[in-house]
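Participant:
2 protein chains.
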Amino acid sequence: MNNSTPTIRSVTVADVAREARVSKATAARVLGGYGVVSDKVRGDVLAAAKALDYRPNELARSMTTGKSGIIGVVVGDIENSFFSFAVRGISDTARAAGFNVILANSGEQIEAEKAAVRVLIGKRVDGLIVTPSESRDVSHLRDIHRSGRPLALLDRALPDLDVDTVTVDDRDAAMRATRILTDTGHRDIAYVTAVDFSEHEYRDLEQIYTSSVRERIEGFLAACRDAGIVTPERFVRLGATKPEETRAITDKLLSTPERPTAILASDSLIAIEMFKVIRERGLRVPEDISLITFHDADWTSVTSPPITVVDQPAYMLGKVVTELLLRRIEGKVRPPERVIVPTSIIQRGSVGPPFREK
Amino acid sequence: MNNSTPTIRSVTVADVAREARVSKATAARVLGGYGVVSDKVRGDVLAAAKALDYRPNELARSMTTGKSGIIGVVVGDIENSFFSFAVRGISDTARAAGFNVILANSGEQIEAEKAAVRVLIGKRVDGLIVTPSESRDVSHLRDIHRSGRPLALLDRALPDLDVDTVTVDDRDAAMRATRILTDTGHRDIAYVTAVDFSEHEYRDLEQIYTSSVRERIEGFLAACRDAGIVTPERFVRLGATKPEETRAITDKLLSTPERPTAILASDSLIAIEMFKVIRERGLRVPEDISLITFHDADWTSVTSPPITVVDQPAYMLGKVVTELLLRRIEGKVRPPERVIVPTSIIQRGSVGPPFREK
DNA sequence: TTCTATAATGAGACCGGTCTCACACGCAAT
DNA sequence: ATTGCGTGTGAGACCGGTCTCATTATAGAA
Numbered sequence: 012m013n014n015s016t017p018t019i020r021s022v023t024v025a026d027v028a029r030e031a032r033v034s035k036a037t038a039a040r041v042l043g044g045y046g047v048v049s050d051k052v053r054g055d056v057l058a059a060a061k062a063l064d065y066r067p068n069e070l071a072r073s074m075t076t077g078k079s080g081i082i083g084v085v086v087g088d089i090e091n092s093f094f095s096f097a098v099r100g101i102s103d104t105a106r107a108a109g110f111n112v113i114l115a116n117s118g119e120q121i122e123a124e125k126a127a128v129r130v131l132i133g134k135r136v137d138g139l140i141v142t143p144s145e146s147r148d149v150s151h152l153r154d155i156h157r158s159g160r161p162l163a164l165l166d167r168a169l170p171d172l173d174v175d176t177v178t179v180d181d182r183d184a185a186m187r188a189t190r191i192l193t194d195t196g197h198r199d200i201a202y203v204t205a206v207d208f209s210e211h212e213y214r215d216l217e218q219i220y221t222s223s224v225r226e227r228i229e230g231f232l233a234a235c236r237d238a239g240i241v242t243p244e245r246f247v248r249l250g251a252t253k254p255e256e257t258r259a260i261t262d263k264l265l266s267t268p269e270r271p272t273a274i275l276a277s278d279s280l281i282a283i284e285m286f287k288v289i290r291e292r293g294l295r296v297p298e299d300i301s302l303i304t305f306h307d308a309d310w311t312s313v314t315s316p317p318i319t320v321v322d323q324p325a326y327m328l329g330k331v332v333t334e335l336l337l338r339r340i341e342g343k344v345r346p347p348e349r350v351i352v353p354t355s356i357i358q359r360g361s362v363g364p365p366f367r368e369k
Numbered sequence: 012m013n014n015s016t017p018t019i020r021s022v023t024v025a026d027v028a029r030e031a032r033v034s035k036a037t038a039a040r041v042l043g044g045y046g047v048v049s050d051k052v053r054g055d056v057l058a059a060a061k062a063l064d065y066r067p068n069e070l071a072r073s074m075t076t077g078k079s080g081i082i083g084v085v086v087g088d089i090e091n092s093f094f095s096f097a098v099r100g101i102s103d104t105a106r107a108a109g110f111n112v113i114l115a116n117s118g119e120q121i122e123a124e125k126a127a128v129r130v131l132i133g134k135r136v137d138g139l140i141v142t143p144s145e146s147r148d149v150s151h152l153r154d155i156h157r158s159g160r161p162l163a164l165l166d167r168a169l170p171d172l173d174v175d176t177v178t179v180d181d182r183d184a185a186m187r188a189t190r191i192l193t194d195t196g197h198r199d200i201a202y203v204t205a206v207d208f209s210e211h212e213y214r215d216l217e218q219i220y221t222s223s224v225r226e227r228i229e230g231f232l233a234a235c236r237d238a239g240i241v242t243p244e245r246f247v248r249l250g251a252t253k254p255e256e257t258r259a260i261t262d263k264l265l266s267t268p269e270r271p272t273a274i275l276a277s278d279s280l281i282a283i284e285m286f287k288v289i290r291e292r293g294l295r296v297p298e299d300i301s302l303i304t305f306h307d308a309d310w311t312s313v314t315s316p317p318i319t320v321v322d323q324p325a326y327m328l329g330k331v332v333t334e335l336l337l338r339r340i341e342g343k344v345r346p347p348e349r350v351i352v353p354t355s356i357i358q359r360g361s362v363g364p365p366f367r368e369k
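So the protein lines, in turn, are chains A and B.
For the working numbering, count along the first sequence from 1 and bump the result up by 11.
For the working numbering, count along the second sequence from 1 and bump the result up by 11.
(1) Note down, one range per segment and in chain order, each alpha helix (DSSP H) of at least 4 residues found wholly within the stretch 134-163 of chain A.
(2) Which of the residues in the stretch 297-320 of chain B, read from start to end, lie with their CB under 9 Å from any CB of chain A?
(3) Taking 8 Å as the CB-CB cut-off, is alanine 62 of chain B touching chain A?
(4) Got a sec? Which residues, its chain only, sit under 7 Å from proline 271 of chain A by beta carbon, not counting five neighbours each side?
(5) Could you pull the DSSP bridge partners for arginine 248 of chain B from this structure?
(6) My understanding is that phenylalanine 110 of chain A touches glycine 77 of chain A, with C-beta atoms under 8 Å, so please give their C-beta distance in whole angstroms.
(7) Are the C-beta atoms of arginine 135 of chain A and some chain B residue less than 8 Å apart?
(8) Can you tell me the Cα-Cα spacing of asparagine 68 of chain B and alanine 123 of chain B, whole angstroms?
(9) Checking the sheet assignment: what are the DSSP bridge partners for isoleucine 274 of chain A?
(10) Tell me the rounded alpha-carbon separation between glycine 118 of chain A and tyrosine 213 of chain A.
(11) Tell me which residue opens and which closes the beta strand (DSSP E) that isoleucine 260 of chain A is part of.
(12) For lysine 134 of chain A, count the other beta carbons within 10 Å of its own beta carbon; 16 or more makes it buried, fewer makes it exposed. Which is it?
(13) Please return the same chain residues whose Cβ sits closer than 7 Å to the Cβ of aspartate 262 of chain A, not counting the five positions on each side in sequence.
(14) Quick check on isoleucine 89 of chain A: does DSSP put it in helix, strand or coil?
(15) Using a C-beta to C-beta distance shorter than 7 Å, which residues of chain A count as neighbours of phenylalanine 286 of chain B?
(16) How far does the beta strand (DSSP E) with valine 350 of chain A in it reach, from first residue to last?
(17) What are the residues in the stretch 87-99 of chain B lying within 7 Å of chain A by C-beta distance?
(18) Check whether the Cβ atoms of arginine 167 of chain A and serine 223 of chain A sit closer than 8 Å, and answer yes or no.
(19) Across which residues does DSSP place alanine 115 of chain A in a beta bridge pair?
(20) Against proline 67 of chain B, what residues of chain A qualify as contacts under a CB-to-CB distance less than 7 Å, listed in chain order?
(21) Where does valine 177 of chain B fall in DSSP's three states?
(22) Which residues of the stretch 192-211 of chain A have a Cβ closer than 9 Å to any Cβ of chain B? Give them in chain order.
(23) Considering only the beta carbon of each residue, do valine 27 of chain A and alanine 60 of chain A sit closer than 8 Å?
(24) Looking only at C-alpha atoms, which of B:Ser92, B:Ala107, B:Glu90, B:Asp137 sits nearest to isoleucine 113 of chain B?
(25) Given that a residue counts as buried once 16 or more other Cβ atoms are within 10 Å of its Cβ, and exposed if not, what is methionine 12 of chain B?
(26) Leucine 335 of chain B versus chain A: which residues are under 9 Å apart at the beta carbon?
(27) I need the boundaries of the alpha helix (DSSP H) containing valine 313 of chain B, first residue and last residue.
(28) Based on the DSSP output, what are the partners of leucine 165 of chain B in its beta bridges?
(29) Going by Cα to Cα distance, which pick from B:Arg106, B:Arg129, B:Ala127 is closest to alanine 126 of chain A?
(30) Can you pull the chain A residues whose beta carbon is under 7 Å from the beta carbon of leucine 114 of chain B, in chain order?
(31) Within 8 Å, do at least three Cβ pairs link the stretch 277-285 of chain A to the stretch 298-316 of chain A?
(32) Below 8 Å on the Cβ atoms is my contact criterion, and I expect alanine 115 of chain A with valine 149 of chain A to pass it. Report the Cβ-Cβ distance as a whole number of Å.
(33) Determine, for isoleucine 283 of chain B, whether the minimum Cβ-Cβ distance to residues of chain A falls below 8 Å.
(34) Against chain B, with Cβ distances strictly below 8 Å, would alanine 71 of chain A count as a contact?
(35) Taking 8 Å as the limit between beta carbons, can you name the residues of its chain near leucine 192 of chain B, skipping five residues before and five after?
(36) Any Cβ of chain A within less than 8 Å of the Cβ of methionine 74 of chain B?
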């Protein structure tokens, strides 16, 4: 009697076969649902399986078939509700197709991303969905692709990597959001984004290795220039990766006498922190400062005033990227697709004309 | 040249062994990091592995060892930020111990929960963390436990199932929150919760099969009775599982002339919807109606006024339950633990004396 | 009746690792 | 010179499925 290890050896096809008095091959046929078997034998095997409470070992099944039924997902930050929704879209779509999802968080660190990819490849996932945190180092992604395992990119495009990609119209969305601000009369607009960077100051686009971040800055700057604003980049701030960083950036931004009269935040985590700082400083939105943020997070509709947002269809993004990946897993050979999902702007109450005592 | 199937057969230990001119067993020894090998051979094998870009097949490894390095997690609703945080706590703790996580969403449906458990068992996860949606039907959980696979329960206890369990002090938390309301003078307090139920009316505790929901109702009713409120159950509402349901409940609750003067919401998803309805009806918080909710969701601190909440340490809950599970996976034999994590109440501005034109 | 096509079943290889066991070799003790 | 022991290596079974191929039984055709 071995009670040190309580693990009971699980029931295998061989056990069922023995119980049903048929060969392992035959039992496997009915249990695996392939090949042909007579109705009588099928009944016997099924009865034996039920009696023994047989549960197929998916691992062993995966070994031979080479398919694991698992999709690996690497996102930048699950805590960000934009990603939560995307992941929900991925999970739902995958599950509907009979796939499971292993989720890994890269924390936007390239090394963590590489490690996650390695682990998932080791687990022989049937395909990967990645939110690449950098466009400089894509060797690990190229490896996936080369190994024949389907790869699809979410939210961020990689110019060097020609695979299925689903993004939103970041550049355009940033332009439209900025235009709302300039049309209302703003000339001093801050753009605050989360790209990992030691300094908060922006120098030029060459610093930015994340496509979505870059395109949004481009769009922001373009719209500003269209409106005749001279050096719009003076109010671009990077590195709002954590609440404390965002707070520091916001504090500094609002402390100068020629502070911006409007802010465009690149995600809702940044915006909520900025909103808190704004309120703590006794400033009013939109009378003292206007605010627009990317992502229609739940909180944006319950503040006073509610916040004008760029609504990114995150769930849809996840759904579409998964559909693309699944098609490729099914072996359809076709040129890689680059889908750009349109965004819309939900105008609420956080934008007003600039306040400026002259 | 075979370009119909781009899948390149992956490099195996046998390939590496051949390249390094050693036996498969020896190559496996250095690659797997077990047994003894001479330094020379180790070098040869490692060089061959690097040259061939060998990646171990975790699936095959799991087959023989019986361990998959995966923890299965079944939660009620990932969209709920309480669970997001808990899952984050689980993921972080698991990853730190070298485990991966497969996440499944039950949507609080017992059948989906059973299906998820079956799939995860099939994948031979090393252990499971489940948020049981019902206490009536626990056969599938008992099966896990019986199969020798460690199981730990999150957020909800099961009286019949003696396994590691981590919950919060739901009853006590509900009492404390209610007492804040009664101390401020409220006599007509609504309690709105999310348990799946066709009707919204509450009859008795026998209806409730989810421990946390039940304990909270108990706590709420007890605190009301302590304050001398006669039939506190008249304002208990069930079935706020979706925004539309919550909206319907809230509308009905606020339409009657003897409407409640305070509300206690069992989660932040319910509370945000109620808050919206309250505002749409032109009611003010806390002048016209007081509001407390479970879970310190981000939005609760940016409304005007900010919302008083029961702060549940969701991340900590996930962390603790994972630690318990990991210990058991490591084979430590010990009696099951039931950990109750304390909550705290964060008083903000959503509670005031009852308004009543008499 | 004999031959052949077809259906049903069994035997065993295989997937890619782990791990047990046997064996060869070298060196110290007897 | 013989025995003994430890170290390093190889051969091959094993995990629990899938799947190919051979074999047998059965029915229909010649």
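We put the beta carbon where it would ideally sit given N, CA and C, even for glycine.
Predicted model only: the values in this text are computed from it and were never measured.
Facilitator: For this structure:
(1) 150-157
(2) Ala308, Asp309, Trp310, Thr311, Ser312, Val313, Thr314, Ser315
(3) As a position in the second sequence, residue 62 of chain B is number 51, starting the count at 1. With 8 Å as the cut-off, alanine 62 of chain B does not count as an interface residue toward chain A.
(4) As a working note, residue 271 of chain A is residue 260 in the first sequence. So the qualifying residues of the chain are Asp199, Ile200, Ala201, Phe246, Leu264.
(5) Sequence index remark: in the second sequence, residue 248 of chain B carries index 237 (1-based). In the DSSP output, where bridge partners are listed per residue, arginine 248 of chain B has B:Val203, B:Glu212.
(6) Taking the first residue of the first sequence as 1, we reach residue 110 of chain A at position 99. Taking the first residue of the first sequence as 1, we reach residue 77 of chain A at position 66. Going by Cβ atoms, the distance from phenylalanine 110 of chain A to glycine 77 of chain A rounds to 15 Å, so no, they are not a contact pair.
(7) Against the first sequence, residue 135 of chain A aligns to sequence position 124. Chain B contact via Cβ: present.
(8) Looking up residue 68 of chain B in the second sequence gives position 57. Looking up residue 123 of chain B in the second sequence gives position 112. Whole-angstrom Cα-Cα distance: 30 Å.
(9) Taking the first residue of the first sequence as position 1, residue 274 of chain A is located at position 263. In the DSSP output, where bridge partners are listed per residue, isoleucine 274 of chain A has A:Ala201, A:Leu302.
(10) Here residue 118 of chain A refers to the residue found at position 107 when the first sequence is read from its first residue. Here residue 213 of chain A refers to the residue found at position 202 when the first sequence is read from its first residue. Roughly 22 Å separates the two Cα atoms.
(11) Sequence index remark: in the first sequence, residue 260 of chain A carries index 249 (1-based). That residue, isoleucine 260 of chain A, is in no beta strand (DSSP E); its alpha helix (DSSP H) goes 254-266.
(12) Position 123 of the first sequence, counting from 1, holds the residue named residue 134 of chain A. Classification of lysine 134 of chain A: buried, given that the 10 Å Cβ count is 16 or more.
(13) Indexing the first sequence from 1 puts residue 262 of chain A at position 251. If we look at aspartate 262 of chain A and ignore the five residues flanking it on each side, its Cβ neighbours are Val288.
(14) The residue you call residue 89 of chain A lines up with position 78 of the first sequence. Looking at isoleucine 89 of chain A - three-state DSSP - the assignment turns out to be coil, as it is neither helix nor strand.
(15) Stepping through the second sequence from its first residue, residue 286 of chain B is reached at position 275. Chain A residues near phenylalanine 286 of chain B: Val313.
(16) Working through the first sequence from its first residue, we reach residue 350 of chain A at position 339. Taken as a continuous stretch (DSSP letters only), the beta strand (DSSP E) holding valine 350 of chain A covers 349-352.
(17) Ile89, Glu90, Ser95, Arg99
(18) Numbered from 1 along the first sequence, position 156 holds the residue referred to as residue 167 of chain A. Numbered from 1 along the first sequence, position 212 holds the residue referred to as residue 223 of chain A. Going by C-beta atoms, arginine 167 of chain A is nearer than 8 Å to serine 223 of chain A.
(19) Locating residue 115 of chain A in the first sequence gives position 104, where the first residue counts as 1. DSSP output for alanine 115 of chain A lists A:Val85 as bridge partner(s).
(20) Along the second sequence, one-based indexing puts residue 67 of chain B at 56. Going along chain A in sequence order, the residues near proline 67 of chain B (Cβ under 7 Å) are Gly133.
(21) Mapped onto the second sequence, residue 177 of chain B falls at position 166. Correct three-state label for valine 177 of chain B: strand.
(22) none
(23) For the purposes of this step, residue 27 of chain A is taken as residue 16 along the first sequence, with counting starting at 1. For the purposes of this step, residue 60 of chain A is taken as residue 49 along the first sequence, with counting starting at 1. Yes, the Cβ-Cβ distance between valine 27 of chain A and alanine 60 of chain A is below 8 Å.
(24) The count along the second sequence starts at 1 and reaches residue 113 of chain B at position 102. Taking only the C-alpha atoms, the option nearest isoleucine 113 of chain B is B:Asp137.
(25) Sequence index remark: in the second sequence, residue 12 of chain B carries index 1 (1-based). Because the pLDDT of methionine 12 of chain B is 33, which lies under 50, any placement of that residue in the model is unreliable, and the question is left without a value.
(26) Residue mapping note: residue 335 of chain B aligns to position 324 of the second sequence, counting from 1. Simply none; closest approach about 16 Å.
(27) Indexing the second sequence from 1 puts residue 313 of chain B at position 302. Looking at the DSSP string, valine 313 of chain B is not in any alpha helix (DSSP H), and its letter there is neither H nor E.
(28) Sequence index remark: in the second sequence, residue 165 of chain B carries index 154 (1-based). Partner(s): B:Val177.
(29) Translated into positions along the first sequence, residue 126 of chain A becomes position 115. The shortest C-alpha separation from alanine 126 of chain A is found at B:Arg106.
(30) Taking the first residue of the second sequence as position 1, residue 114 of chain B is located at position 103. The answer, in chain order, is Val112, Leu114.
(31) yes
(32) Position 104 of the first sequence, counted from the first residue, corresponds to residue 115 of chain A. Position 138 of the first sequence, counted from the first residue, corresponds to residue 149 of chain A. Not really, about 17 Å apart at Cβ, beyond 8 Å.
(33) The residue given as residue 283 of chain B occupies position 272 in the second sequence. Yes, isoleucine 283 of chain B lies at the interface with chain A (some Cβ there is under 8 Å from its Cβ).
(34) On the first sequence, residue 71 of chain A is found 60 positions in, with the first residue counted as 1. So, interface residue.
(35) As a position in the second sequence, residue 192 of chain B is number 181, starting the count at 1. So the qualifying residues of the chain are Ile200, Ala273, Leu275, Ser301, Ile303, Val362.
(36) Position 63 of the second sequence, counted from the first residue, corresponds to residue 74 of chain B. Yes, methionine 74 of chain B lies at the interface with chain A (some Cβ there is under 8 Å from its Cβ).
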